[in-house]
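K.L.:
Okay, handing you the structure first.
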Amino acid sequence: MYAAVIGGWAATGTAVPLRAHTYQPVAFLLAQAGLAVLAAGVCAVATGNRSRRGRMAAGALLALLIPAFGWGTIGLPIHFVTLASGSGVESATGLVHTLLNTCGAGLLAMVAVAHRRRLRGRCARCGQVHDGSGEGMWTALTHPPATTASARTRVTAYVLLCGLLPWAVVKTVWLFGGDAIGVSGEAWRNDVEAEATGASRALASVGVDVSVLAALLGVFLLAGLMYRWGQVFPRWTPLLAGRRVPRLLPLIPAWLTGGALSVYGTGLLVYALLSAVGVVPGLEPVGVFTTTEGLAWMVAFGGMSFGGLGAGLLVATRSYAARSRPVCAADRCADAYRLEPAGS
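With the numbering used here applied, the sequence shown covers 292 to 635.
What follows is the structure in structure tokens.
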């Protein structure tokens, strides 16, 4: 489906944004469609009973293909904030392209996890070692009891979340009319009020920046990943209290958002640092920013906030995935989920 959509865009000359005021060339679109076809072939090899050399080659190609599709997921949080603020869709093809890359990267990652387990002689379904052969692939899964993340994981996640503070404080100061890093609160509020629409304007009128609100949603997700109420619905959730939370419900948005924010935030922070030491040209003041230093600080604050939140989500997600991993209820696993011993 990915190859068909991207190939259709290339054939019809549909404009697909690459970055601001720049569109992807036809050759680049065709290359992406070709990678999608290659990915389908690699998945077929990874899930089939091939030679060990073929399985190793499939694993290496998966390691290259996942980042190739993953780069297109970086804009996912930005699209989410734009839609949540009521600002509408800036580019329909851009949003569809991001969603296609997100689905592609996610599905390839699932294939890679199962393939890695098979190479290690483990059950591709639950990652455990089962004795003998049987019908394990058709049995129910046993879920572990709800637990809280370790103290080390919680401290690491909270330290990373501190990166949000400079950026959130500056945004809030501006919305309340204060001055910070060379930008006046009046100029910022006029800029926000002039361009914001819908929910974004309503929130700005009471001193709440929509991006700060979106970050708080990320913090809420992170907290759910670290505490028991993220595995079993708490009492304050009507009709669902006491039921087990579907494992992929928090994992999918956490992996996708955490990965995209980490890459995006790291890029901003590195660029700000390189600009500060003169390795790359300094940022030219634009909009409400009147000084190069003020804009550089804002880029650095954005990198710290996005990167910190993204890294914190990844840390919490890794803990949640390990704590909530189910195992096959049967003691044995189906032959289809195992590899024959080497040399057999």
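For glycine and all other residues, C-beta sits at the position ideal for the given N, C-alpha and C.
Keep in mind the model is a prediction, meaning the values are calculated, not measured.
(1) Let me check understanding here. Comparing Cα to Cα, which of L547, L386 and R416 lies closest to A620?
(2) When you compare the CB positions of A354 and A294, do they come within less than 9 Å of one another, or not?
(3) Whose C-beta lies closer than 8 Å to the C-beta of L452 among residues of the same chain, with five residues either side of it excluded?
(4) Is DSSP giving T305 helix, strand or coil here?
(5) For R616 and W520, what's the separation of their Cα atoms in angstroms?
(6) Classify N340 as buried or exposed, calling it buried when 16 or more other Cβ atoms lie within 10 Å of its own Cβ.
(7) Just reading off the alpha helix (DSSP H) that T261 is part of, what are its end residues?
(8) What does the alpha-carbon distance come out to for the pair W527 and I543?
(9) Give me the Cα-Cα distance between E426 and C414, rounded to the nearest whole angstrom.
(10) Would you please state the rounded distance, in angstroms, between the beta carbons of A587 and L574? I believe it to be under 8 Å.
(11) At which residues does the alpha helix (DSSP H) containing E584 begin and terminate?
(12) I think V317 touches T447, with their Cβ atoms under 8 Å apart; what is that distance to the nearest whole Å?
(13) Within 10 angstroms of its Cβ, does N481 collect 16 or more other Cβ (buried), or is it exposed?
(14) Which of helix, strand or coil does DSSP assign to L516?
(15) Relative to the alpha-carbon of G454, which residue among I297, G304, S342 and S596 has its alpha-carbon at the smallest distance?
(16) Please confirm whether F524 and L531 have their CB atoms less than 9 Å apart.
(17) Would you identify the three-state DSSP class for A471, choosing helix, strand or coil?
(18) Around the C-beta of G299, are 16 or more other C-beta atoms found within 10 angstroms, so that it is buried, or is it exposed?
(19) Looking only at its chain, what residues have a beta carbon closer than 6 Å to the beta carbon of P457, apart from the 5 residues adjacent to it on each side?
(20) Using the Cβ count rule (16 or more neighbours within 10 Å means buried), how would you classify R346?
(21) Rounding to the nearest angstrom, what Cα-Cα distance links L466 and W479 in this structure?
(22) Quick one, are the C-beta atoms of A505 and Y611 less than 9 Å apart?
(23) With DSSP run on the structure shown, which of helix, strand or coil describes V570?
(24) Going by DSSP in three states, V523 sits in which element: helix, strand or coil?
P.N.:
Checking against the coordinates, here is how it stands:
(1) Your numbering for residue 620 matches position 329 in the sequence shown. Of the candidates L547, L386 and R416, the one whose C-alpha sits nearest the C-alpha of A620 is R416.
(2) If you number the sequence shown from 1, residue 354 lands on position 63. If you number the sequence shown from 1, residue 294 lands on position 3. Not in contact: A354 and A294 (Cβ atoms no closer than 9 Å).
(3) Against the sequence shown, residue 452 aligns to sequence position 161. Hits under 8 Å: V510, L513, G599, L600 and G603.
(4) Within the sequence shown, numbered from 1, the residue matching residue 305 stands at position 14. T305: coil per DSSP, three-state reduction.
(5) Here residue 616 refers to the residue found at position 325 of the sequence shown. Here residue 520 refers to the residue found at position 229 of the sequence shown. Each residue's Cα considered, the two are about 16 Å apart.
(6) Numbered from its first residue, the sequence shown carries residue 340 at position 49. Its Cβ having fewer than 16 others within 10 Å, N340 is exposed.
(7) Residue 261 lies beyond the stretch modelled for the chain, which goes from 292 to 635, so this question has no answer here.
(8) Translated into the one-based positions of the sequence shown, residue 527 becomes position 236. Translated into the one-based positions of the sequence shown, residue 543 becomes position 252. Taking the straight line from one Cα to the other gives about 23 Å.
(9) On the sequence shown, position 135 is the one that residue 426 refers to. On the sequence shown, position 123 is the one that residue 414 refers to. Caution is warranted here: a pLDDT of 41 is assigned to E426, below 50, making its placement in the model unreliable, and no coordinate value can be reported.
(10) By 1-based counting over the sequence shown, the position of residue 587 is 296. By 1-based counting over the sequence shown, the position of residue 574 is 283. Going by Cβ atoms, the distance from A587 to L574 rounds to 6 Å, so yes, they are a contact pair.
(11) As a position in the sequence shown, residue 584 is number 293, starting the count at 1. Its alpha helix (DSSP H) spans residues T583 to R614.
(12) Locating residue 317 in the sequence shown gives position 26, counting from the first residue. Locating residue 447 in the sequence shown gives position 156, counting from the first residue. Not quite, the Cβ-Cβ distance comes to about 45 Å (not below 8 Å), so this is no contact.
(13) Here the question's residue 481 lines up with position 190 in the sequence shown. The residue in question, N481, is exposed, as its Cβ has fewer than 16 Cβ neighbours within 10 Å.
(14) By 1-based counting over the sequence shown, the position of residue 516 is 225. Note: L516 maps to helix in three-state DSSP.
(15) As a first step, residue 454 must be located in the sequence shown, where it is residue number 163. Among I297, G304, S342 and S596, the Cα nearest to that of G454 is on S596.
(16) Reading the sequence shown from its first residue, position 233 is the one you call residue 524. Reading the sequence shown from its first residue, position 240 is the one you call residue 531. Taking 9 Å as the Cβ cut-off, F524 and L531 qualify as a contacting pair.
(17) Residue mapping note: residue 471 aligns to position 180 of the sequence shown, counting from 1. Three-state result, A471: strand.
(18) Against the sequence shown, residue 299 aligns to sequence position 8. Flag for G299 reads exposed.
(19) Your numbering for residue 457 matches position 166 in the sequence shown. Counting only Cβ-Cβ distances below 6 Å, and skipping sequence neighbours, we find F592.
(20) Walking along the sequence shown from the start, residue 346 turns up at place 55. By the 10 Å Cβ count, R346 comes out buried.
(21) What you label residue 466 is simply residue 175 of the sequence shown in a count that begins at 1. What you label residue 479 is simply residue 188 of the sequence shown in a count that begins at 1. Their backbone Cα atoms lie some 7 Å apart in a straight line.
(22) As a working note, residue 505 is residue 214 in the sequence shown. As a working note, residue 611 is residue 320 in the sequence shown. Cβ distance not < 9 Å, so A505 and Y611 don't count as in contact.
(23) Counting from 1 along the sequence shown, the entry for residue 570 is found at position 279. In this structure, V570 counts as coil in the three-state DSSP scheme.
(24) For the purposes of this step, residue 523 is taken as the residue at position 232 of the sequence shown. It is a strand residue.
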